[in-house]
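This report refers to the structure that appears directly beneath it.
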Amino acid sequence: MMEFIQLQKILKQNIPKIVKIQALFRGHKARKILKNQEIKQQLLFDDPGIEFKEEVVFENGAVYRGQMLENNRHGYGVQIWPDGAKYEGYWKENKAHGRGKFWHADGDVFDGEWRDDKAHGYGVYTHVNGAKYDGQWMNDMQHGKGVETWADGSKYDGQYYEGMKHGQGYYIWADGSEYKGDWFQNQIQGFGVYKWPDGRAYEGDWLANNMHGKGLYTWKDGRVYKGDYLNDKKHGMGTYTWTDGRRYVGQWENGKQNGEGKYLLPNGVEREGFWQDGKRISWKDETKQPTPPKMK
992 MMEFIQLQKI LKQNIPKIVK IQALFRGHKA RKILKNQEIK QQLLFDDPGI
1042 EFKEEVVFEN GAVYRGQMLE NNRHGYGVQI WPDGAKYEGY WKENKAHGRG
1092 KFWHADGDVF DGEWRDDKAH GYGVYTHVNG AKYDGQWMND MQHGKGVETW
1142 ADGSKYDGQY YEGMKHGQGY YIWADGSEYK GDWFQNQIQG FGVYKWPDGR
1192 AYEGDWLANN MHGKGLYTWK DGRVYKGDYL NDKKHGMGTY TWTDGRRYVG
1242 QWENGKQNGE GKYLLPNGVE REGFWQDGKR ISWKDETKQP TPPKMK
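Going from the sequence shown to the working numbering is simple: count from 1 and add 991.
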């Protein structure tokens, strides 16, 4: 079925590699999370051993200004690297830990929670190219609930697992196409509904971004196919209904009627026959019956 070539191209273009980490907080829930973090981090200031250092220069050329405990960055501080990267926020035993903001040398920014030098908890990562992720992190990877947007208007809202879209999610593309359903390791897989801008829709099973299994495909003009799919094509048993009420019920192969089937009219007339490569080759009630083509 040629209509899914475009879907494959769109998926390849819009399912990106794992993003690094992101910025900018929004909403009451986000502010509440960060406020709780601030309360916990404020306790660091109460340690009598903490002292403020105006400037500490490390062997790699990085410069730190902030709180230290026993010569370790500990508490609140700012560090700037020779390549222009910068971190401002909380530290624990020489590692970014707690709330903090990191400016990458390439212009990307992460603003959120850290644990042991890794994005962990809630955070927002903004790419210099306009892409953005707002949500949960674990060990520097998107993990949990999140929303990802792109400069072209595409958007994904759903679950992540170890940096990949995984679980339930809703994706809308720049051209207006949309998918809502199951994801598996950055691919459409499981059960879901895909809708095209021209009014077509598919509801059913998916495997590796392809319609695969049982499904219902509808057209804007009223045509309907309900049945089996294999690698994006009608394959197996299925029913195709035309806009005028005529129906074909039978076998399909590689997207076309192939094998034994029934042709039903709206007035109740029904005939059984044999089809090959999308064309009827004989009716069953004819004197000479052909050998039904085998399904591969």
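Where is the CB? At the ideal position from N, CA and C, for every residue including glycine.
Boundaries of the beta strand (DSSP E) harbouring R1056: 1054-1060, taken from the DSSP string. In this model, M1129 and G1066 are separated by some 22 angstroms (Cα to Cα). Residue nearest to Y1147 within the set Q1070, I1179, N1120 is I1179 (criterion: CA-CA distance). Per DSSP, H1111 is one residue of the beta strand (DSSP E) stretching across 1109-1117.
Taking a C-beta distance under 8 angstroms as the contact criterion, N1201 and N1222 qualify as a contact pair. Distance check between E1153 and each of G1121, F1043, D1131, T1209 places D1131 closest, using alpha-carbon atoms only. Pairing A1142 with R1238, the inter-Cα distance amounts to about 45 angstroms. Secondary structure at T1234: coil, using DSSP grouped into helix, strand and coil.
Its Cα nearest to that of L1060, the residue K1086 stands out among A1053, W1072, K1086, N1051.
In the three-state scheme derived from DSSP, where H, G and I count as helix and E and B as strand, H1226 is classed as strand. Apart from sequence neighbours up to five positions away, the residues of its chain that approach E1263 with a beta-carbon distance below 6 angstroms are K1253, K1275, ordered along the chain. Apart from the 5 residues on each side of it in sequence, F1182 sits with its Cβ closer than 8 angstroms to the Cβ of G1172, D1173, G1195, D1196, W1197 in its chain, given in chain order. Around P1257, the same chain offers D1235, G1236, R1237 as residues with beta carbons nearer than 8 angstroms, after the five sequence neighbours per side are excluded. The DSSP-derived three-state label of Q1248 is strand. Ranked by Cα distance from Q1248, the first of G1259, V1260, Q1267, L1255 is Q1267. Taking the Cβ atoms as the reference, V1069 lies roughly 6 angstroms from G1057, within the contact range of under 8 angstroms. DSSP places V1260 outside both helix and strand once states are collapsed to three, so it counts as coil.
In this structure, the alpha-carbon of G1227 lies about 34 angstroms from that of Y1151. Sorting E1261, G1259, V1260, E1251 by C-alpha distance to the C-alpha of I1272 places E1251 at the top. Between K1123 and V1115, the CB-CB gap stays under 8 angstroms. DSSP, reduced to helix, strand and coil, places G1183 within a strand of the structure shown. Spanning the alpha carbons of Y1193 and Y1185 requires a straight line of approximately 5 angstroms.
Residues of the same chain with a CB within less than 7 angstroms of the CB of E1084, apart from the 5 flanking positions on each side, are N1063, H1065 in chain order. Distance check between H1157 and each of S1168, H1134, W1187, G1167 places H1134 closest, using alpha-carbon atoms only.
Each of L1207, R1191, E1079, G1040 was checked against the Cα of G1229, and the nearest Cα belongs to L1207. DSSP places G1144 in no beta strand (DSSP E); its state is neither H nor E. For F1175, the enclosing beta strand (DSSP E) starts and ends at 1169-1175.
Straight through space, the alpha carbons of G1089 and G1040 are spaced by roughly 19 angstroms.
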